[in-house]
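Heads up, the thing below is written out as structure tokens.
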Amino acid sequence: MTSDRSRSPWPWMALVSRTAFFAAAQALIALFIVGIGGTGAWGTSAAWWMLSATIANVASFVLLRRLFRREGASYRELLRFSRESFWKDLALAVGGFVVAGPVAMFPMRWLGDAIVGSYDSAIATMFRPLPVWGLWLGLLFPLTIAFAELPTYFGYAMPRLERRLGNGWIAWALASLALSFQHAALPLVFDGPFFLWRALMYLPFAFYIGLVVKLRPRLLPFLMVGHALIDIATWAVYFTL
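Just so we're aligned, residue -7 is where the sequence shown starts under this note's numbering, counting upward by one.
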């Protein structure tokens, strides 16, 4: 008999959960702007994408805890380091992120020029002016993403879809595609080229980091830390504009 767990829709829903959380969080910010008498609420809300991401990260974390608890498991299982292979795993994770840098950056720039017309124009659409206090509030974005993004796609969804589908490579592809696509809603700007750029810009990185987790699942907690550090660098871009 098929178990309730095997019929659960949550591994599939997890693939779209963060995209939905991003859009919903931005909508809440837009409603707040309307409530205080602001104009151009949706466009203004797009500038606050780091706040949208923070709200979505918290929502993802809460959801993951509940999903693990439903299975009689614990979210903390994702955070366990192997004592026996700690230093080897750390070295592999550091080496993996050395490769990840070019894998993330080069497609982003090339696609910006190819799809939007100019990478600089795409960056200007995304990194809009914020008050200083808003920039410092944005620091919560990289600090919370470590507990939400990779755990959703590769800690929760991928292994469960692998068991459901009986094919780990399809599960890896689906989780990687979902990770890449979610960026189209962060921020959600109703401009076709920008939307497409955001959806595709991290596609090679998503497949790469998902492959690392698939081949070495015990690297996930190291990659979560590394992901936070990478997005601290993303947050710091504001101070260079």
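Don't be surprised by glycine CBs; every beta carbon is placed ideally from N, CA and C.
*Under the three-state reduction of DSSP, which class applies to A65: helix, strand or coil?*
By 1-based counting over the sequence shown, the position of residue 65 is 73. A65 carries a coil assignment under DSSP once its states are collapsed to helix, strand and coil.
*asked:* For F53 and P134, what's the separation of their Cα atoms in angstroms?
replied: Against the sequence shown, residue 53 aligns to sequence position 61. Against the sequence shown, residue 134 aligns to sequence position 142. In this structure, the alpha-carbon of F53 lies about 14 Å from that of P134.
*For the putative contact between Q174 and T46, defined by C-beta atoms under 8 Å, what is the C-beta separation to the nearest angstrom?*
Numbered from its first residue, the sequence shown carries residue 174 at position 182. Numbered from its first residue, the sequence shown carries residue 46 at position 54. About 15 Å separates the Cβ atoms of Q174 and T46, ruling out a contact at the 8 Å cut-off.
*Which residue comes first and which comes last in the alpha helix (DSSP H) that contains S174?*
Position 182 of the sequence shown, counting from 1, holds the residue named residue 174. Strictly speaking, residue 174 in this sequence is Gln, with Ser absent from that position. Run containing Q174: none; DSSP gives neither H nor E here.
*Provide the residue span of the alpha helix (DSSP H) that contains P151, from first to last.*
Position 159 of the sequence shown, counted from the first residue, corresponds to residue 151. Annotation: the continuous alpha helix (DSSP H) that includes P151 extends over 150 to 157.
*Following the continuous alpha helix (DSSP H) through M193, name the residue where it begins and the one where it ends.*
Here residue 193 is taken as the residue at index 201 of the sequence shown, counted from 1. Counting along the chain, M193 sits inside no alpha helix (DSSP H), nor does DSSP assign it H or E at all.
*In whole angstroms, what separates the C-alpha of L55 from that of G158?*
For the purposes of this step, residue 55 is taken as residue 63 along the sequence shown, with counting starting at 1. For the purposes of this step, residue 158 is taken as residue 166 along the sequence shown, with counting starting at 1. C-alpha separation (whole angstroms): 25 Å.
*From this set, P3, M42, G109, A17, which residue's C-alpha is nearest D223's C-alpha?*
Indexing the sequence shown from 1 puts residue 223 at position 231. Taking only the C-alpha atoms, the option nearest D223 is M42.
*asked:* Contact between the region 177 to 193 and the region 145 to 154 is defined here as three or more beta-carbon pairs at a separation below 8 Å; is this criterion met?
replied: The region 177 to 193 makes no contact with the region 145 to 154, as fewer than three CB pairs between them are under 8 Å.
*Using a threshold of 9 Å, state whether the C-beta atoms of L221 and L103 are closer than that.*
Numbered from 1 along the sequence shown, position 229 holds the residue referred to as residue 221. Numbered from 1 along the sequence shown, position 111 holds the residue referred to as residue 103. Their beta carbons are not under 9 Å apart, which means L221 does not touch L103 by this criterion.
*CA-to-CA distance, Q18 to S168, given in whole angstroms*: By one-based count along the sequence shown, residue 168 stands at place 176. By one-based count along the sequence shown, residue 18 stands at place 26. The alpha-carbon atoms of S168 and Q18 are separated by roughly 23 Å.
*If you count every other CB in all the chains shown that lies within 10 Å of the CB of R190, and 16 or more means buried, which is it?*
Indexing the sequence shown from 1 puts residue 190 at position 198. A residue is called buried once 16 or more other Cβ atoms fall within 10 Å of its Cβ, and R190 is buried on that count.
*State yes or no: is the C-beta of W40 within less than 9 Å of the C-beta of I28?*
By one-based count along the sequence shown, residue 40 stands at place 48. By one-based count along the sequence shown, residue 28 stands at place 36. Going by beta carbons, W40 and I28 fall outside the 9 Å limit.
*Element boundaries [alpha helix (DSSP H), containing W40]*: On the sequence shown, position 48 is the one that residue 40 refers to. Neither: W40 is in no alpha helix (DSSP H) and is coded neither H nor E.
*Whole-angstrom distance between R210 and M216, CA atom to CA atom*: One-based indexing of the sequence shown puts residue 216 at position 224. One-based indexing of the sequence shown puts residue 210 at position 218. Looking at the two C-alpha atoms, the distance is approximately 11 Å.
*For G218, which residues from the same chain have a beta carbon less than 7 Å from its beta carbon, with the 5 sequence-adjacent residues on both sides left out?*
Indexing the sequence shown from 1 puts residue 218 at position 226. Answer for G218: A85, F89, listed in chain order.
*Classify A138 as helix, strand or coil using the three-state DSSP reduction.*
Walking along the sequence shown from the start, residue 138 turns up at place 146. Of the three classes helix, strand and coil, the one that applies to A138 here is coil, per DSSP.
_Simplified DSSP state of L127, which is helix, strand or coil_ = To locate residue 127, count along the sequence shown from 1; it is residue 135. In the three-state reduction of the DSSP assignment, L127 falls in the helix class.
_Starting from T11, trace the alpha helix (DSSP H) in both directions and tell me its first and last residue._
For this step, residue 11 is matched to residue 19 along the sequence shown. First-last of the alpha helix (DSSP H) with T11: 2 to 27.
*Return the chain-ordered ranges of every alpha helix (DSSP H) run that is complete within the region 79 to 128 and spans a minimum of 4 residues.*
Qualifying alpha helix (DSSP H) stretches, in chain order: 111 to 118.
*Should P123 be labelled buried (16 or more other beta-carbon atoms within 10 Å of its own) or exposed?*
As a position in the sequence shown, residue 123 is number 131, starting the count at 1. Note on P123: under 16 other CB atoms within 10 angstroms of its CB, so exposed under the neighbour-count rule.
*Taking C-beta to C-beta, are P213 and F119 nearer than 9 Å?*
Indexing the sequence shown from 1 puts residue 213 at position 221. Indexing the sequence shown from 1 puts residue 119 at position 127. No, they are not a contact pair.
*Pull up the CB-CB distance for L293 and G202, whole angstroms please, since I reckon it's below 8 Å.*
Limits of the chain in this structure are -7 at one end and 233 at the other, which puts residue 293 out of reach.
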